[in-house]
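In this note's numbering, the protein residues as written are 3 to 318. Here the structure is laid out as structure tokens; the discussion comes afterwards.
See below:
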């Protein structure tokens, strides 16, 4: 039987959310033919992840609670996590099936983590702190991560203002450096970069490899010098496994060697030469630096609730 792919994991999550569910209902929700969905659920059944019961000619599908859980770990499209494939391999001692979801928007990833759509995530510290509060403790930081690898791209001919991603390390960089307003939000690194290249803004706060892409286009860059960027976040649904996951992550970081950048570049769909070059600007650490986060708490608060939040929120 062929290995599970991203769509199989998505289907599993739908079944988990709506179970017990019929084949017809599942096909309607995911907007695919019943024949196609039937082949997929048979694959999930083969791996022991779901149960299919036939009642009066109707297939009733539910999750197999006796099986170790399927989990999804989210990462951002960045040069920041070259260790992720090694981490996933080690996690297989804890979970039977692990999917990797690649995001372009850090806060969207944090929201998915809080709702349990994904169970682990390499996500900006500021996003994890904010979503812990907003979700009333559904998300925790359980491991270290990385720092560095970010900067400000400057187009002197661009219009006033800067572009960044919302409630992220990049917005924290913009806040610390007091970049000129207005602040224009973008949903991906490529969107921020294009705004700078096209002169929509004068400044763009970027992470790697987008910062290197800016340099290749003769755009001046200034390092953000963020000691902490992304950390390992977890959904409370796997709290009983926090200690094991933290230990595995620490072992991964302490022993990791950049020997499989080809696989990683393919995962995030970025050119290998660009990943090899830009990954060098990151530092990796086993545990989060609480003191660093506390020192930056005022700036973090200003990002979570910026000066113009009233104007943005109140429309009467």
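Beta carbons are placed, not taken as given, at the ideal position from N, Cα and C, and that holds for glycine. Because the structure is a prediction, the values reported are computed rather than measured.
Coil, strand or helix - residue i by DSSP
i: residue 226; result: coil
i: residue 121; result: coil
i: residue 317; result: coil
i: residue 146; result: strand
i: residue 208; result: strand
i: residue 170; result: coil
i: residue 191; result: helix
i: residue 154; result: strand
i: residue 312; result: helix
i: residue 141; result: strand
i: residue 93; result: helix
i: residue 198; result: helix
i: residue 110; result: helix
i: residue 293; result: helix
i: residue 181; result: coil
Element boundaries [alpha helix (DSSP H), containing residue i]
i: residue 79; result: Premise fails: residue 79 is in no alpha helix (DSSP H) and is neither H nor E.
i: residue 135; result: 127-136
i: residue 277; result: 274-280
i: residue 305; result: 299-306
Range of the contiguous beta strand (DSSP E) that encloses residue i
i: residue 2; result: Given that the chain is displayed from residue 3 to residue 318, the structure contains no residue 2 and the question cannot be resolved.
i: residue 188; result: 185-188
i: residue 284; result: 284-287
i: residue 104; result: 99-105
Closest residue to residue i among the options (Cα-Cα distance)
i: residue 169; options: 42, 18 and 130; result: 130
i: residue 118; options: 106, 132, 262 and 137; result: 137
i: residue 43; options: 4, 14, 264 and 158; result: 14
i: residue 64; options: 303, 90, 27 and 98; result: 27
i: residue 21; options: 8, 62, 313 and 58; result: 62
i: residue 106; options: 151, 58 and 167; result: 167
i: residue 12; options: 66, 101, 78 and 272; result: 101
i: residue 304; options: 134, 77 and 175; result: 175
i: residue 173; options: 16, 302, 7 and 10; result: 302
i: residue 135; options: 120, 149, 270 and 116; result: 116
i: residue 94; options: 250, 140, 108 and 261; result: 250
i: residue 75; options: 120, 293 and 140; result: 120
i: residue 79; options: 271, 276, 164 and 275; result: 271
Residue i CB to nearest heavy atom of the ligand FAD below 7 Å
i: residue 100; result: The ligand FAD is not among the ligands present in this structure, which contains no ligands whatsoever.
Closer than 8 Å to chain B by CB, residue i
i: residue 19; result: You won't find chain B in this structure, because it holds only one protein chain.
Point to revise | Meets three-Cβ-pair contact criterion under 8 Å: the segment 212-231 and the segment 271-285 | key: yes
Exercise for review: Note down, one range per segment and in chain order, each beta strand (DSSP E) of at least 3 residues found wholly within the segment 6-89.
Suggested key: 52-57, 60-65 and 72-78
Check your understanding: Which whole runs of the alpha helix (DSSP H) in the segment 211-269 are 4 residues long or more, in chain order?
Key -> 212-218 and 244-257
Review point. Quick check: the segment 220-235 against the segment 48-67, are there 3 or more CB pairs under 8 Å?
Key: no
Practice item. Evaluate the contact criterion for the segment 70-84 versus the segment 20-40: three or more CB pairs, one atom per stretch, below 8 Å. Key: no
Review point. Is the segment 149-162 in contact with the segment 190-209, if contact means three or more CB pairs nearer than 8 Å?
Key: yes
Review point. Should the segment 224-233 be regarded as contacting the segment 186-194, the criterion being three or more beta carbon pairs within less than 8 Å?
Key: no
Review point. Quick one: any contact between the segment 236-251 and the segment 170-186, if contact means 3 or more CB pairs under 8 Å?
Key: no
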